[in-house]
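To start, the structure under review is shown below, and the notes come after it.
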């Protein structure tokens with residue numbers, strides 16, 4: 166919205182551009198005449214190469230563009246060093262969007278102004294859903310609206326995605342990955358067997374990572390489900406300890422599959 170105030174409605178007309186960095190690496194970016202959007206979670210360990218390409222190749226002319234990096238806490242250390250060096254040239258402006266600022270290295274944070282933005286309140290999201298449904302000429306019951314709001318915990322992005330699916334289908338669907346997480350926890354509780362975990366659960370966790378789901382998101386969901394299950398309190402304390410160790414480590418993808 167701040168871009169809209171500065172540049173007008175043209176920044177809302179996002180287009181998609183494809184680039185082939187090498188034979189096995191193609192990227193798709195959302196761009197406008199004034200900014201480029203980048204999400205490192207889509208590229209994994211290749212985020213440094215992708216960022217270097219964007220910074221070097223997509224800057225055309227003397228006009229200063231803005232690079233918006235979503236989920237900036239997912240940037241690898243190498244990618245963060247690349248951005249830090251590039252910031253010294255002054256060819257780009259940078260906006261880092263993150264829920265975990267501690268994952269950003271200090272030399273990079275020292276060059277930025279930290280702005281904390283709170284999640285929208287329940288009433289704000291309620292009004293937003295009502296306005297969108299009015300604009301789309303769609304009727305939504307109060308019960309369905311409450312289910313959408315309660316299932317997304319104030320997350321604007323997932324709330325809008327859930328609402329979009331509802332407008333298209335008139336039904337509320339729980340994301341497949343959440344259903345899979347519930348099945349994983351249920352399997353662990355009912356059949357605490359190492360062989361079952363190796364054959365059924367570990368492949369499912371690997372599939373999550375291959376499909377681009379954030380390991381921290383999966384760990385958070387599994388942790389919440391474990392805490393709400395009927396397992397012994399001592400086991401819950403063990404889960405808390407394991408999750409804490411994993412979050413403190415640098416390779417969440419590796420730790421997720423060993424969980």
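In this note's numbering, the protein residues as written are 166 to 424.
C-beta atoms are modelled at their ideal positions from N, C-alpha and C, and glycine is treated no differently.
Considering only 243, 232, 254 and 242, the residue with the shortest C-alpha distance to residue 262 is 232. Here DSSP, grouped into helix, strand and coil, assigns residue 208 to coil. The C-alpha of residue 218 is placed about 13 Å away from the C-alpha of residue 205. According to the DSSP assignment, residue 181 belongs to the beta strand (DSSP E) that extends over 180–187. Between residue 257 and residue 239, the gap from beta carbon to beta carbon reaches 7 Å or more. For residue 194, the beta-bridge partners assigned by DSSP are 182. A contact is defined here as three or more CB-CB pairs under 8 Å, and the stretch 310–327 fails this definition with respect to the stretch 347–356.
Taking C-alpha positions only, residue 269 is separated from residue 216 by approximately 16 Å. In the pairwise beta carbon analysis, the stretch 325–335 is classified as not touching the stretch 360–375: fewer than three pairs are separated by under 8 Å. The beta carbons of residue 252 and residue 281 sit no closer together than 7 Å. One alpha carbon belongs to residue 259, the other to residue 301, and they sit about 34 Å apart.
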